[in-house]
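In full-length UniProt numbering, the protein residues as written are 1 to 161. Cβ atoms here follow ideal geometry from the backbone N, Cα and C, with glycine treated the same way. See structure below.
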């Protein structure tokens, strides 16, 4: 099936089988390997991208469902001049990444949430609930929580108990 994926502002005309998931097409056909596949069941969040500005699990979406819709991957976070996104800087400053496998999914989840609701960083329980939707085996989540607060313009703090 002929589709055009609009990824990070760039058109990718593609011929894809209707059964292929977005994550595979992004990685294999668009050569955007920042989107990682972890569980392939929509549980871990490593494959999170923004579709129409909303965080989605790209392992659960068929690529044909995204025809012509704006998709943003971790490769599209940095500014056009190459300056890192505030979330990328905050993740580095707060040591919110270790092995880095889940990091792109976290960045896209947080970017979508903060862009749609900047006040999210003012609500510790809502922020903790959001961040509970992705999995990380290395960081213990606290550095990720602090990084999102920092990127949201708030002083880093511990997550609610």
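Buried versus exposed call for residue i [16 or more other C-beta atoms within 10 Å across all chains shown]
| i | result |
| --- | --- |
| residue 119 | exposed |
| residue 129 | exposed |
| residue 68 | exposed |
| residue 77 | buried |
| residue 103 | buried |
| residue 41 | exposed |
| residue 96 | buried |
| residue 121 | buried |
| residue 10 | exposed |
| residue 57 | buried |
| residue 105 | buried |
Reference residue i; option with closest CA among the options
| i | options | result |
| --- | --- | --- |
| residue 61 | 44, 90 and 24 | 24 |
| residue 73 | 93, 132, 18 and 112 | 112 |
| residue 114 | 139, 145, 93 and 96 | 145 |
| residue 87 | 154, 12, 3 and 8 | 154 |
| residue 29 | 46, 151 and 6 | 6 |
| residue 91 | 77, 99, 78 and 107 | 107 |
| residue 55 | 147, 134 and 98 | 134 |
| residue 94 | 147, 101 and 110 | 147 |
| residue 101 | 110, 44, 127 and 70 | 44 |
| residue 75 | 26, 151, 3 and 1 | 26 |
| residue 8 | 2, 1 and 52 | 52 |
| residue 71 | 117, 127, 126 and 12 | 12 |
| residue 65 | 131, 132 and 2 | 2 |
Nearest-angstrom Cβ-Cβ length linking residue i and residue j, presumed shorter than 8 Å
| i | j | result |
| --- | --- | --- |
| residue 49 | residue 35 | 6 Å |
| residue 124 | residue 159 | 7 Å |
| residue 149 | residue 156 | 5 Å |
| residue 46 | residue 37 | 7 Å |
| residue 110 | residue 151 | 7 Å |
Residues that residue i bridges to, as DSSP identifies them
| i | result |
| --- | --- |
| residue 54 | 51 |
| residue 12 | 5 |
| residue 21 | 62 |
| residue 72 | 50 |
Chain C within 7 Å of residue i, Cβ atoms only
| i | result |
| --- | --- |
| residue 39 | Among the protein chains of the structure shown there is no chain C, as only one such chain exists. |
Exercise for the section: Decide yes or no for the touch test of the region 5-24 against the region 53-67: beta carbon pairs closer than 8 Å, at least 3 of them. Expected result: yes
Practice task
May I ask you to verify whether the region 74-86 touches the region 131-142, counting CB pairs closer than 8 Å and requiring at least 3?
Solution key: no
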